[in-house]
Each structure stands twice: as C-alpha cells, then as structure tokens.
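Everything below concerns the one structure shown next.
In our numbering, the protein residues as written are 3 to 74.
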C-alpha cells in the first residue's frame, strides 16, 4: 500500500467574519523545531464561522482522499 501523506486542515479568518478552510501537506524540508507545511487546496468562498469552514474542509478531505486517507 502506498505511503500515507501528511495532510493537515486549518481554518483562516482572512477578513473579519470570513473563514476559509486550507489543506496543507508536510514537506520533506527539515527545520530545527518545526515541520513545514505547504498549501495544497483551499476554499474559494468564505464561511460565516470557524466551525462551518472546518467541517467543509473535513468534507473535502473525505471527498478527495476517501476512507483510506491521502496515499502517495
């Protein structure tokens, strides 16, 4: 089975009251005390609250990667 990719979900409030989900993937670059991530995909329309944006981001993970998760 292919290796599992390291994907993270976050929510950003770019303007007051406008929340966007963002999917990030860990890079192979090493930093002293951090694991760097790069954006993979993001919402194109804002959500009115953090919770709705987070749930929509989780739905995108499930839609994009299925039950087996993000495999390389």
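Cβ coordinates follow ideal geometry from the N, Cα and C atoms, glycine included.
Neighbourhood of residue i by C-beta distance below 6 angstroms, restricted to the same chain and skipping five residues each side
i: residue 59; result: 11 and 23
i: residue 42; result: 25 and 27
i: residue 52; result: 13 and 21
Three-way DSSP call (helix, strand, coil) for residue i in this model
i: residue 64; result: helix
i: residue 58; result: helix
Close beta carbons around residue i, own chain, < 7 angstroms, minus the five adjacent residues each side
i: residue 16; result: 22
Residues near residue i by beta carbon distance below 8 angstroms, same chain, minus five either side
i: residue 73; result: 3, 4, 5, 6, 7 and 67
i: residue 63; result: 9, 11, 25 and 72
Q: Would you check if there are 3 or more beta carbon pairs closer than 8 angstroms linking the segment 45 to 56 to the segment 18 to 25?
A: Flag = yes, the segment 45 to 56 and the segment 18 to 25 touch.
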